[in-house]
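Engineer: My structure is below; once you've seen it, I'll send some questions.
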Amino acid sequence: MTIMKNDNYKIKKKSLIIFAISLFLIIISILYSLNIVTNNENKITENKIFNKLDYYIKKNDLRYTQYKKNNPKLTIEQIVTHVNIGLDNDYYTNTRHTKNLNTQYILVNKYNFLTEKYIPKNLEKINSQYSLGNMYLVDYAKEAFEKMAQQAKKENLSIIAMSTYRSYKYQVNLYNTYAKKDGKEIADTYSARPGFSEHQTGLAVDIYNGKEPYTNFEVTEEFKWMEKNAYKYGYILRFPKNKTKETGYNYESWHYRYVGEEIAKYIYDKKISYEEYYAQNLEKKD
Ligand SMILES: [Zn+2]
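Residue numbering for the sequence shown follows the numbering used here, beginning at 100 and increasing consecutively.
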């Protein structure tokens, strides 16, 4: 009897241990699989969120996820827009040849550059009453500029182009002069490296009123007029105050860019930068 009792006890102990081990394994495997499921679900939901936007680009998916991790406070719209712009990389890194050459859609900034050889087609000289010396813009931008300056003149304001098309070579000298004076890091905040200047497109114009230095343009009546009217002629303020991150440049009250009336109005209404417009409307087509 005692022997049997002892055996029984051993068997019970053995099965209890087996039961405990199996239970432990089952719990571990449930936790493990749950974790995988949760991870997958997170991934799927996240993709679905980005997906909802019609400017979502599939090949940027990992970059959206990574950018969201680094910038948890941004909205989904901001994340997709910023990554489409290229802001998840430092300025002047991950750069590419810009597309839409010789069109009003061309985007030139710290991620998109023009080659040394690019000279826009159909450059035309601006009427000398609206410019300082020999200033050239692409024909349709030039016409729009003259119309705008003419209208301002009727209202006793003077809008004068002081820097328009600039060749690659010109920009080499300009940038080097600034870099020598202030150092590369500071020069980069206000001057473009050669190939990265919008002035090489023949669609950008720096203006002043003929009296105040251009850096004071913001305090002039002409600036107020431009704020209200530039978009009607297809021009936008290219480097707004609250968009320095998106554009990569300090605020410039004097630098305007021709994008056409339709896009200019859209940008004016939505108070966005051209980078954001491009990221949400044109990037996907590139
Ligand atoms: Zn400029």
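Note that beta-carbon positions come from the ideal geometry of N, C-alpha and C, so glycine has one too.
1) What do you reckon, are the CB atoms on residue 245 and residue 229 nearer than 9 Å?
2) Ligand 1 and residue 262: does the residue's C-beta get closer than 8 Å to at least one heavy atom of that ligand?
3) Got a sec? Which residues, its chain only, sit under 7 Å from residue 166 by beta carbon, not counting five neighbours each side?
4) How many Å lie between residue 348 and residue 206 at the Cα?
5) Which residues in the same chain as residue 382 place their Cβ atom closer than 6 Å to its Cβ, once the five residues preceding and following it in sequence are excluded?
6) Given that a residue counts as buried once 16 or more other Cβ atoms are within 10 Å of its Cβ, and exposed if not, what is residue 140?
7) Mind checking whether residue 284 and residue 291 have CB atoms under 9 Å apart?
8) For residue 263, count neighbouring C-beta atoms within 10 Å of its own C-beta (all shown protein chains included) and say buried if the count is 16 or more, exposed if not.
9) Check each candidate in 156, 362, 342 and name the one with the smallest Cα separation from residue 385.
10) Taking the CB atoms as reference points, tell me whether residue 364 and residue 330 lie closer together than 9 Å.
11) Can you tell me whether DSSP reads residue 261 as helix, strand or coil?
12) So what does residue 303 bridge to, in DSSP terms?
13) Quick check on DSSP: helix, strand or coil for residue 336?
14) How is residue 140 classed by DSSP in three states: helix, strand or coil?
15) May I ask you to report which of helix, strand or coil DSSP gives residue 289?
16) Does at least one heavy atom of ligand 1 sit under 8 Å from the Cβ of residue 305?
17) Flag this pair as yes or no: are the beta carbons of residue 294 and residue 270 separated by less than 9 Å?
18) Mind checking residue 282: buried by the 16 CB within 10 Å criterion, or exposed?
19) Measure the alpha-carbon distance for residue 318 versus residue 256 and round it to whole angstroms.
Structural biologist: Checking against the coordinates, here is how it stands:
1) Your numbering for residue 245 matches position 146 in the sequence shown. Your numbering for residue 229 matches position 130 in the sequence shown. The Cβ atoms of residue 245 and residue 229 sit closer than 9 Å to each other.
2) As a working mapping, residue 262 is identified with position 163 in the sequence shown. Yes, since a heavy atom of ligand 1 falls inside the 8 Å radius drawn around the Cβ of residue 262.
3) Indexing the sequence shown from 1 puts residue 166 at position 67. Sequence-distant Cβ neighbours of residue 166 in its own chain, meaning closer than 7 Å and more than five residues away, are 178, 181, 182, 187.
4) Along the sequence shown, read from residue 1 onward, the residue named residue 348 stands at position 249. Along the sequence shown, read from residue 1 onward, the residue named residue 206 stands at position 107. C-alpha separation (whole angstroms): 14 Å.
5) By 1-based counting over the sequence shown, the position of residue 382 is 283. Cβ neighbours of residue 382 beyond the five flanking positions: 183.
6) As a working mapping, residue 140 is identified with position 41 in the sequence shown. Low local confidence applies: a pLDDT of 49 at residue 140 is under 50, so the model's placement there is unreliable, and no value is given.
7) The count along the sequence shown starts at 1 and reaches residue 284 at position 185. The count along the sequence shown starts at 1 and reaches residue 291 at position 192. With respect to residue 291, residue 284 sits apart: the two C-beta atoms are not nearer than 9 Å.
8) The count along the sequence shown starts at 1 and reaches residue 263 at position 164. Taking all protein chains shown into account, residue 263 has 16 or more neighbouring C-beta atoms within 10 Å of its C-beta and is therefore buried.
9) Translated into positions along the sequence shown, residue 385 becomes position 286. Nearest of 156, 362, 342 to residue 385, Cα basis: 156.
10) For this step, residue 364 is matched to residue 265 along the sequence shown. For this step, residue 330 is matched to residue 231 along the sequence shown. Yes. Within cutoff.
11) Reading the sequence shown from its first residue, position 162 is the one you call residue 261. It is a strand residue.
12) Looking up residue 303 in the sequence shown gives position 204. DSSP output for residue 303 lists 356 as bridge partner(s).
13) To locate residue 336, count along the sequence shown from 1; it is residue 237. Residue state, collapsed to three classes: strand.
14) Counting from 1 along the sequence shown, the entry for residue 140 is found at position 41. The pLDDT assigned to residue 140 is 49, lower than 50, so where the model puts this residue is not dependable, and the model offers no usable value.
15) Numbered from its first residue, the sequence shown carries residue 289 at position 190. It is helical.
16) For the purposes of this step, residue 305 is taken as residue 206 along the sequence shown, with counting starting at 1. Result yes, Cβ under 8 Å from ligand 1.
17) Taking the sequence shown and counting its residues from 1, one reaches residue 294 at position 195. Taking the sequence shown and counting its residues from 1, one reaches residue 270 at position 171. Yes, the pair counts as a contact, with Cβ atoms nearer than the cut-off.
18) Numbered from its first residue, the sequence shown carries residue 282 at position 183. Its Cβ having fewer than 16 others within 10 Å, residue 282 is exposed.
19) Here residue 318 is taken as the residue at index 219 of the sequence shown, counted from 1. Here residue 256 is taken as the residue at index 157 of the sequence shown, counted from 1. Their Cα atoms are separated by approximately 13 Å.
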